[in-house]
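Enquirer:
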Amino acid sequence: MRRSLYPVVWKELRDMARDIKTLVAISLLPLLMMPLMGITSIYVQTLQQGVAVVINEDPGTLTIGNATFSTNDLANSIVAALKSKGFRVLNHSVKSYDIMVIIPKGFRTNLSSLTRVALIRIVKSVGSAKSNEGENAVQSVLGSFARKVAEAKVRYLGILAGRQVSPDSVLNPIVYTTVLVGPSGTTVSVEESFRVMLGRILAFSLVFVTTPSIAYITDSVVGEKERKTFEALLATPVPRWSLVIGKTLSASVIGLITGLADAVGLLLFFALPSMTYGVNLFSLLTPGLMIAHVSAVYLSVLASLALILPIVIRSGSYRVAQAFSLAIISVASVVFFISLYADINALTAPLRYALYVIPYSHAVGMIKQSVLGEVNQAAIHALVIIAEIGVLLALAVKLFSEEKIIYSKT
Amino acid sequence: MSSNGYAIRLEGVVKTFGKKVQALKGISFTVPKGVIYGILGPNGAGKTTTLRIIATLVRHDRGVVEVLGHRLPEERAEVRERISYLPEDAGLYHRLTGWENLLYFAMIYADDIESAKEMAARGAELARLPEKDLHRKASEYSKGMSRRVALARALMVGADLVLLDEPTSGLDVFSAYTIRKTIKEFAKRSGTTVLMSSHNMLEVEELCDRVILINKGTIVAEGEPKELKRRANASNLEEAFIKLVGEFN
Chain V
235 MRRSLYPVVW KELRDMARDI KTLVAISLLP LLMMPLMGIT SIYVQTLQQG
285 VAVVINEDPG TLTIGNATFS TNDLANSIVA ALKSKGFRVL NHSVKSYDIM
335 VIIPKGFRTN LSSLTRVALI RIVKSVGSAK SNEGENAVQS VLGSFARKVA
385 EAKVRYLGIL AGRQVSPDSV LNPIVYTTVL VGPSGTTVSV EESFRVMLGR
435 ILAFSLVFVT TPSIAYITDS VVGEKERKTF EALLATPVPR WSLVIGKTLS
485 ASVIGLITGL ADAVGLLLFF ALPSMTYGVN LFSLLTPGLM IAHVSAVYLS
535 VLASLALILP IVIRSGSYRV AQAFSLAIIS VASVVFFISL YADINALTAP
585 LRYALYVIPY SHAVGMIKQS VLGEVNQAAI HALVIIAEIG VLLALAVKLF
635 SEEKIIYSKT
Chain D
665 MSSNGYAIRL EGVVKTFGKK VQALKGISFT VPKGVIYGIL GPNGAGKTTT
715 LRIIATLVRH DRGVVEVLGH RLPEERAEVR ERISYLPEDA GLYHRLTGWE
765 NLLYFAMIYA DDIESAKEMA ARGAELARLP EKDLHRKASE YSKGMSRRVA
815 LARALMVGAD LVLLDEPTSG LDVFSAYTIR KTIKEFAKRS GTTVLMSSHN
865 MLEVEELCDR VILINKGTIV AEGEPKELKR RANASNLEEA FIKLVGEFN
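Going down the list, the protein sequences come from chains V and D.
According to our numbering, the stretch in the first sequence is residues 235 to 644, in order.
According to our numbering, the stretch in the second sequence is residues 665 to 913, in order.
#1: Which same chain residues end up closer than 6 Å to D/P737 when comparing Cβ atoms and leaving out the 5 residues on each side of it in sequence?
#2: Just to confirm before moving on: does the CB-CB distance between V/V472 and D/I772 stay below 7 Å?
#3: Can you find a CB in chain V that lies within less than 7 Å of the CB of D/Y805?
#4: Quick one, are the C-beta atoms of D/T713 and D/V743 less than 7 Å apart?
#5: Chain D partners of V/I640, CB-CB under 8 Å?
#6: Quickly, what does DSSP pair D/S748 with across the bridge? List them, please.
#7: The beta strand (DSSP E) with D/P696 in it runs from where to where?
#8: Might you give, ordered along the chain, the residues of its own chain that have their beta carbon closer than 8 Å to the beta carbon of D/E869, omitting 5 neighbours on each side?
#9: Nearest CA to the CA of V/V522: which residue from V/A495, V/R461, V/V404, V/I601?
#10: For chain V, check one thing: does any of its Cβ atoms lie closer than 7 Å to the Cβ of D/I847?
#11: Can you find a C-beta in chain V that's less than 7 Å from the C-beta of D/M771?
#12: Is it true that the CB of V/L543 sits closer than 7 Å to the CB of V/S486?
#13: Count the other CB atoms, across all protein chains shown, that sit within 10 Å of the CB of V/P241; report buried if there are 16 or more and exposed otherwise.
#14: Give the residues of chain V in contact with D/G910, contact being defined as C-beta atoms less than 8 Å apart.
#15: With 7 Å set as the bound, which would you pick, yes or no: does the beta-carbon of D/G755 sit closer than that to a beta-carbon of chain V?
#16: Residues of chain V with a CB under 8 Å from the CB of D/E782: which are they?
#17: Need the endpoints of the alpha helix (DSSP H) that V/E636 sits in, please.
#18: Do V/K462 and D/A754 have their CB atoms nearer than 7 Å?
#19: Can you check whether the CB of V/I562 is closer than 7 Å to the CB of V/H596?
#20: With distances taken between CB atoms, is the gap from V/V323 to V/V313 smaller than 7 Å?
#21: Quick one: Cα of D/G643 to Cα of D/S854, how far?
#22: Between which two residues does the beta strand (DSSP E) containing D/T680 stretch?
#23: Closer than 8 Å by C-beta to D/G676: which residues in its own chain qualify, once you throw out the five before and the five after it? Chain order, please.
#24: Can you pull the chain A residues whose beta carbon is under 7 Å from the beta carbon of D/R744, in chain order?
#25: Can you look up V/Q463 in the DSSP assignment and give me helix, strand or coil?
#26: May I have the straight-line CA-CA distance separating V/T444 from V/L533, to the nearest angstrom?
#27: In chain D, which residues lie with their C-beta within 7 Å of the C-beta of V/D249?
#28: Using a Cβ-Cβ cut-off of less than 9 Å, list which residues of the region 445-457 of chain V approach chain D; keep chain order.
#29: Counting contacts by CB-CB distance shorter than 7 Å, is D/P706 in contact with chain V?
#30: Any beta carbon from chain D within less than 7 Å of V/K245's own beta carbon?
#31: Hey, out of D/N707, D/L750, D/P706, whose CA is closest to D/L827's CA?
#32: V/N406 to V/L265, Cα distance in whole Å?
#33: Can you give me the start and stop residues for the alpha helix (DSSP H) that V/V383 sits inside?
#34: Taking 7 Å as the CB-CB limit, is D/P751 close to chain V?
#35: Of all the CB atoms in chain D, is at least one closer than 7 Å to the CB of V/A466?
#36: I'd like the list of long-range same chain contacts for D/A840, defined as Cβ closer than 6 Å, with 5 residues on each side in sequence excluded.
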């Protein structure tokens, strides 16, 4: 039993298990926050009522060849689209509105002409969160209407020219297709592209798991000094490596709990778009991907602990530990943000190598490669991060100084 | 390495913190085996620094430190196997029960869990806590109860040398009495060498076979309490201390 990890891990886990408030807080926060983020990002927007004004200054019909169009129908379609987005739609000008659409006088004349273009004025209120949503709805209606008018004009020109004309060959002379391929070059489905997006989001979600474990290990070392339990412990034969590894492994349990809660919270977050957009994102969460995610969470937590521990052990100070914790969390956040928008592998060499020195980059790599089915690449990333953690923990053991711990100011 | 009948030997030990604070200015003393040895001195005299050096927690700058025949700092690991240390105001793990606090330290010293439990049971006896209190969280303990468990933690492990830094500091009369009684009975029964620091002269006079008087990092006098009293022509150790330190100053 002596010279083993057991006593330290036994004590740390027992201590942790009795700290129910902290455990509940770190488990519930991600579970509540992620779905809350989903609700606010999707449903709150729809609950927000905007005001739109649609004014038709040129009511009536126009004819192009055999086709007849009505500006009243166009205005009604715009009104319907805006109402579907939660707008209250008025047909007269008011002082305050989010978006105003005006079909001006002369619109029909210009639209029926073969030499002029017709103008529709869209006025948006600056600072309005709803105006962009309204503009998108209006543009969708106008795009559909413009296409029908263009087709009618093409047919009419064909009649004038006495030629058989296909509107598609005039309006869309080039048709292109897009095929998605995976890393092996084989075609993948559109759903697979969602999986890649999911990988990016999973990688980004790692940003939430580093903080609680860093706070815990800081308290585990500095708090033990402050509560005057460390000095007696340091005079015992307990090996320094077992203190470092034991405290790290125990604190990593906190990280693991956070990570699992985070993953469940993420599933709840995804449940909302799944219901809203009809894409079954749950089908993309394969057991392999979940294992990779949980492993990446755990290794990210261990990496955070291994990064902070040499500093905490050397300084024995809450203030210094907090300053460095902030630095580590910032670095982690930068890496996880980069993972959301870019592939580290595709970055230019100096930046790529610099990022790969940071353990978090390999946690990101684990998830992204797992998403693409590249198990070997994911395993290499896992091995690199494990090696980096090993080096940092060895450094913590090497830097362990009883004197520094005892005499440092908390 | 032979210890030649002594548990501790310090020879010209110097310890400086930073560039200015010289905590120990070349102190030398020898602690025979099987005695209760007291380090007596006012606050800031260098008592805790001396104990921390012997407890392997602080490295001295110059001089020789031998503990149970092992040279420090080179043989720290060997020394840690054979000593136990109760720092001043030592705390307990407040989320663990008294029993778990004892068991944790027992597991560090014992070879297996059964031996650890036996050791912790020995600690429970030394702590003199009722069974129900032993299984309460340490956060619910009074200062006196906490100190009894902390002392028991240091005494139960079967160390050859026990280091106690101000074991009764800040305690009420009854708690201090219980602690002194425990130390006295333990030392008498086990024959273990005890080195304790204190600024309580009466406590040292009652407990210690020999004492050193230390002031400003220098040893003022060394000997049996009654011998020091005689040397200073004093009726008690407190008076002797004031006279000897006063003379020294």
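Heads up, the beta-carbon is just placed ideally off N, CA and C, and yes, glycines get one too.
Being a predicted model, the structure only gives us computed values, none of them experimental.
Expert: According to the structure shown:
#1: R723
#2: yes
#3: no
#4: no
#5: R716, L721, V722
#6: D/V826
#7: 685-696
#8: P889, N900, L901
#9: Looking at the sequence shown, residue 522 of chain V is not Val but Gly. Out of V/A495, V/R461, V/V404, V/I601, V/I601 has the C-alpha closest to the C-alpha of V/G522.
#10: no
#11: yes
#12: no
#13: buried
#14: Those within 8 Å of D/G910 in chain V number zero; the least Cβ separation is about 31 Å.
#15: yes
#16: In chain order: nothing, as chain V lies at least about 13 Å away.
#17: 636-641
#18: yes
#19: no
#20: yes
#21: As displayed, chain D neither begins before 665 nor continues past 913, which places residue 643 of chain D out of reach and without an answer.
#22: 670-681
#23: G690, I691, S692, R726, G727, V728
#24: Considering every chain present, this structure includes no chain A. Its protein chains are V and D.
#25: Reading the sequence as shown, one finds Thr at residue 463 of chain V and not Gln. In this structure, V/T463 counts as coil in the three-state DSSP scheme.
#26: 10 Å
#27: Y757, R759, L760
#28: none
#29: no
#30: yes
#31: D/L750
#32: 49 Å
#33: 365-395
#34: yes
#35: yes
#36: T832
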